[in-house]
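*Asks:* Take a look at the following structure, please.
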Amino acid sequence: MPHRDLDPQLIDHAQGPAASDVVDLLDLLWQQARDTVTTTSVSTPQLRLMYLVDRNDGIRMRALGKLLRTAPPSVSRLCDRLQAAGFLERLPCPDSRREVSLRLTAGGRDHLERIRSERAATLTLAIEAMAQADRLALATGLAALQSAIAAPGRLGL
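Oh and the sequence shown: position 89 is 88 in numbering that gives the first Met the number 0, straight run, nothing missing.
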């Protein structure tokens, strides 16, 4: 049954599986974009770390570990690999000699931008195939979802 024919009472129960299906498809697209762009093998956890450092320039390794919900040795190994690839740099924290802050290198930022561009191009093709009303509904729904996810204290982001 097309989504337009769904009973509004049933939509709440249908959203979880439908959203999960979309996330699975997006995950495949993301992996394809990553594989298309990169000549350096960057794992999904490494890419996630790069996104977080990009959004939190100068983040301390301890804070990054909390965001990733990962033990410090694992975060350190991820950083080691990204630093070896030339995507990440570690800097001493000015107020604590025991802590390290993280920043993407120009190469790391360029790498993320290429992946984002590839993903945007793929999504643009899919969205262009949608009816105008569906595009507007998608934009409204995505804005609401982004607000819900980014709300302070929500989902640990």
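Positions of the beta carbon are idealized from the N, C-alpha and C atoms, including for glycine.
Report back the beta-carbon spacing between Leu-111 and Asp-53 to the nearest angstrom; my notes put them in contact at under 8 Å.
*Replies:* So it is a contact: roughly 6 Å between Cβ atoms.
*Asks:* Just list the beta strand (DSSP E) runs in the stretch 50-134, keeping only unbroken ones of 3 residues or longer that don't cross its boundaries, in chain order.
*Replies:* Correct list: 87-92 and 95-103.
*Asks:* Based on Cα-Cα distance, which residue from Pro-93, Arg-97, Ser-95 and Arg-76 lies nearest to Leu-87?
*Replies:* Of the candidates Pro-93, Arg-97, Ser-95 and Arg-76, the one whose C-alpha sits nearest the C-alpha of Leu-87 is Arg-76.
*Asks:* Apply the 10 Å Cβ neighbour rule to Leu-46 and answer buried if 16 or more other Cβ atoms are within range, or exposed otherwise.
*Replies:* By the neighbour-count rule (16 or more Cβ atoms within 10 Å), Leu-46 is buried.
*Asks:* For a test of the three-state rule: what should DSSP assign to Ser-40, helix, strand or coil?
*Replies:* Here Ser-40 sits in coil by DSSP.
*Asks:* When DSSP labels each residue in this structure, what does Ala-18 get in the three-state scheme?
*Replies:* Helix.
*Asks:* Looking at the structure shown, is Ala-150 part of a helix, part of a strand, or coil, going by DSSP?
*Replies:* Coil.
*Asks:* Since I believe Ala-32 is in contact with Arg-118 (beta carbons under 8 Å), could you give me their beta-carbon distance rounded to a whole number of angstroms?
*Replies:* Confirmed, about 5 Å.
*Asks:* From this set, Glu-98, Pro-93, Pro-91 and Leu-90, which residue's C-alpha is nearest Pro-71's C-alpha?
*Replies:* Considering only alpha carbons, the answer is Glu-98.
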